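Structure first, commentary second.
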Amino acid sequence: MKKREFIKVSGLAALGLFCQTPAMKALTKNTAYALPEMADSSEAFWEEVRKGYDLPDAFINLENGYYCVQPLPVLHACERHMAALNREGAYYMRTRQLEDKKRIAEQLCSVAGCEPGTLMITRNTTEALDLVISGFPWKAGDEAVMADQDYGAMRDMFKQVAARHGIKLVSVSVPNHPKSDEELVALYEKAITPNTRLLMVSHVINITGQVLPVRKLADMAHAKGVQVMVDGAHAFAHIRFKLSDLNCDYYGCSLHKWLSAPLGAGFLYVRKDHIPELWPLMAESESVPKTDILALNHMGTIPAHIQLSIEDALGYNIKLGWERKEARLRFLQRYWTDKVRHLPDVILNTPVEEERTCAIANVGIRQYTPAALAEVLFKKYGIYTVAIDTPSVKGCRITPNVYTRLKELDVLVAAITELAKGK
Ligand SMILES: Cc1ncc(COP(=O)(O)O)c(C=O)c1O
Numbered sequence: 001m002k003k004r005e006f007i008k009v010s011g012l013a014a015l016g017l018f019c020q021t022p023a024m025k026a027l028t029k030n031t032a033y034a035l036p037e038m039a040d041s042s043e044a045f046w047e048e049v050r051k052g053y054d055l056p057d058a059f060i061n062l063e064n065g066y067y068c069v070q071p072l073p074v075l076h077a078c079e080r081h082m083a084a085l086n087r088e089g090a091y092y093m094r095t096r097q098l099e100d101k102k103r104i105a106e107q108l109c110s111v112a113g114c115e116p117g118t119l120m121i122t123r124n125t126t127e128a129l130d131l132v133i134s135g136f137p138w139k140a141g142d143e144a145v146m147a148d149q150d151y152g153a154m155r156d157m158f159k160q161v162a163a164r165h166g167i168k169l170v171s172v173s174v175p176n177h178p179k180s181d182e183e184l185v186a187l188y189e190k191a192i193t194p195n196t197r198l199l200m201v202s203h204v205i206n207i208t209g210q211v212l213p214v215r216k217l218a219d220m221a222h223a224k225g226v227q228v229m230v231d232g233a234h235a236f237a238h239i240r241f242k243l244s245d246l247n248c249d250y251y252g253c254s255l256h257k258w259l260s261a262p263l264g265a266g267f268l269y270v271r272k273d274h275i276p277e278l279w280p281l282m283a284e285s286e287s288v289p290k291t292d293i294l295a296l297n298h299m300g301t302i303p304a305h306i307q308l309s310i311e312d313a314l315g316y317n318i319k320l321g322w323e324r325k326e327a328r329l330r331f332l333q334r335y336w337t338d339k340v341r342h343l344p345d346v347i348l349n350t351p352v353e354e355e356r357t358c359a360i361a362n363v364g365i366r367q368y369t370p371a372a373l374a375e376v377l378f379k380k381y382g383i384y385t386v387a388i389d390t391p392s393v394k395g396c397r398i399t400p401n402v403y404t405r406l407k408e409l410d411v412l413v414a415a416i417t418e419l420a421k422g423k
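What follows is the structure, given as C-alpha cells:
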C-alpha cells in the first residue's frame, strides 16, 4: 500500500474507532469544516491547515504550551454560539443547556476512552484536579506523593490541604533523562509508605515535555493500595491514549490546550466507584444522587458558549486526525531538537526517546539564564517562548503547533546555533 493510501485508510479507521456512540455519530456528521481534504501529511497539507489560523505577523509563536489558539472554524463556531446564547438568554439556559452539556461530556468520554457517566466538564485542569485534591476524604496522618516537576497550582492545593487536614506531602524529582520506565516506577515506589493514599503524576511534564509511563506507575501504586490522579493538562489531543488503558482513578485536563477549544474548558474523569467518595468544590442539590458525576459538577452560571464549542473543537481534531496530528507534532519537535542536541553548550532538558516526548521540548544554552535566553530569542529573532528556571530545568520551553512552518523552526535552529557559539 502506498504511504498516501495507508494514511487515508488509517485516518478513516481512527475516525471509525471514535464514532461508535450515537453522540459521536451525530458529531462527525455535523462537522463540515474547511480543513483540507488531502489525506496525506505533506508540507502542502500543513500549509493548508495553517491557512485556517489567524496568526500574528510580528513574532513566531513557539509557546503553544500555555494554550493553543483556536483554528478559525472553532473560533467562528464559538462566536455563533455566543450570539445565539445572547439571543435566547435564559430560555436556552433553562431548556437545552443541561442536555447539551451531557451530550458533550458523552462525546468526550467516547474520545478519551472511558465509561459514560465518569467524566464531567470543568473550566480547566486546575479546577478538575483541585476538586480531587481538596475533596479527597483525607484523614490526619495520610500521605500524598507527587513530583517537584508537577504544576505549581496542584502542589499549592496539596499544601493547603496539608495545612488543613494534617496530611504529609512527599515529593520526588523526576530525572530529565530517565534510563528506563523501571527507573521512574522505582523512584515513585520508594516514596510510598503504608500511609500513602494518593499519588499525583503528570502525564506530560509541562516544563520539559517528558511523557511519563502512567500505566506502569498506576499498576505499581494500585498494588500498594494507593489511588492515582493524573495531571493530563498537556496530554489530551496531543498524544493518543485511552483512559481505560491508563488504569488511573482520576484524570484532569485542559481542553484549551491541545484540543484548541476556547479558553476556559477542561474535564475531570473520576472512576465510577470514587464518585460518591469525593467532596465537590461547589455543593450540588441533594436531589442529584451522590453516585452521579453531576453531583460533583455544580458550576453556577457559566459562559455556556465555551462548553458548546468543545464539540466543534472535537470535530476539528477528528477531521485533522488524532494520529496524524500526534505524528506531526512529534516530527516538528524532532526537526529542531535533532539539529541542536549535539551542539556544544546546548542543553536539551527533554528525553530523546520518541515514546517519552511529543511536541514540547526544553532547551538551555550554558551562557544564558533562561530569562536572558527567552529575551534574546524574542528581541533578536522574533521567537516567543517561555523561560523555565527551576532547580532541575533551566532553559526555554519550545512548543510548536500544527500550524508551525519548518522555516520558522529553521529560524530557531539558527538562533540556538549562533547563541551557543557566543555570537
Ligand atoms: C502540567 C499542567 N498542569 C496543570 C496546568 C493548569 O492548567 P489550567 O491553567 O488550564 O488549569 C498546566 C498549565 O499550563 C500544566 O502545564
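Residue numbering for the sequence shown follows my numbering, beginning at 1 and increasing consecutively.
Every residue gets a Cβ at the ideal spot worked out from N, C-alpha and C, and that includes glycine.
Everything numeric in this text was worked out from a predicted model, so none of it was measured.
Expected contact under 8 Å - CB spacing of residue i and residue j to nearest Å
| i | j | result |
| --- | --- | --- |
| residue 60 | residue 411 | 6 Å |
| residue 81 | residue 419 | Not really, about 44 Å apart at Cβ, beyond 8 Å. |
| residue 170 | residue 201 | No, residue 170 and residue 201 are not in contact; Cβ-Cβ is about 13 Å, not under 8 Å. |
| residue 328 | residue 41 | 6 Å |
| residue 113 | residue 243 | 5 Å |
| residue 231 | residue 203 | 7 Å |
| residue 311 | residue 240 | The pair is not a contact, with the Cβ atoms about 20 Å apart (cut-off 8 Å). |
| residue 154 | residue 119 | Incorrect: roughly 19 Å between the Cβ atoms, too far for contact. |
| residue 402 | residue 138 | With 8 Å as the limit, residue 402 and residue 138 do not qualify as a contact, their Cβ atoms being about 41 Å apart. |
| residue 295 | residue 289 | 7 Å |
| residue 123 | residue 265 | 7 Å |
Check: residue i C-beta below 7 Å from any heavy atom of ligand 1
| i | result |
| --- | --- |
| residue 234 | yes |
| residue 244 | no |
| residue 315 | no |
| residue 92 | no |
| residue 208 | no |
| residue 389 | no |
| residue 64 | no |
| residue 266 | yes |
| residue 357 | no |
| residue 384 | no |
| residue 126 | yes |
| residue 151 | yes |
| residue 345 | no |
| residue 231 | yes |
| residue 171 | no |
| residue 260 | no |
| residue 309 | no |
| residue 392 | no |
| residue 254 | yes |
| residue 202 | yes |
Among the options, nearest to residue i - alpha-carbon criterion
| i | options | result |
| --- | --- | --- |
| residue 477 | 396, 392, 353 and 346 | The question about residue 477 has no answer, for the chain in this structure spans 1 to 423. |
| residue 184 | 169, 206 and 147 | 147 |
| residue 205 | 216, 356, 190 and 56 | 356 |
| residue 193 | 227, 150 and 177 | 227 |
| residue 210 | 367, 376 and 349 | 349 |
| residue 217 | 190, 93 and 155 | 190 |
| residue 162 | 305, 331, 197 and 380 | 197 |
| residue 417 | 347, 239, 159 and 404 | 347 |
| residue 334 | 203, 359 and 225 | 359 |
| residue 409 | 156, 90, 345 and 382 | 382 |
| residue 68 | 263, 157, 123 and 83 | 263 |
| residue 339 | 415, 282 and 129 | 415 |
| residue 78 | 303, 283 and 180 | 303 |
| residue 422 | 301, 130 and 343 | 343 |
| residue 297 | 269, 76, 407 and 401 | 269 |
| residue 361 | 157, 341 and 57 | 341 |
| residue 110 | 318, 286 and 380 | 318 |
| residue 300 | 55, 121 and 108 | 121 |
C-beta contact flag for residue i and residue j at 8 Å
| i | j | result |
| --- | --- | --- |
| residue 63 | residue 291 | no |
| residue 267 | residue 253 | yes |
| residue 178 | residue 351 | yes |
| residue 313 | residue 259 | yes |
| residue 166 | residue 141 | yes |
| residue 172 | residue 188 | yes |
| residue 208 | residue 393 | yes |
| residue 136 | residue 332 | no |
| residue 92 | residue 72 | no |
| residue 305 | residue 85 | yes |
| residue 215 | residue 255 | no |
| residue 143 | residue 238 | no |
| residue 65 | residue 386 | yes |
| residue 366 | residue 389 | no |
| residue 50 | residue 405 | yes |
| residue 281 | residue 131 | yes |
| residue 272 | residue 233 | no |
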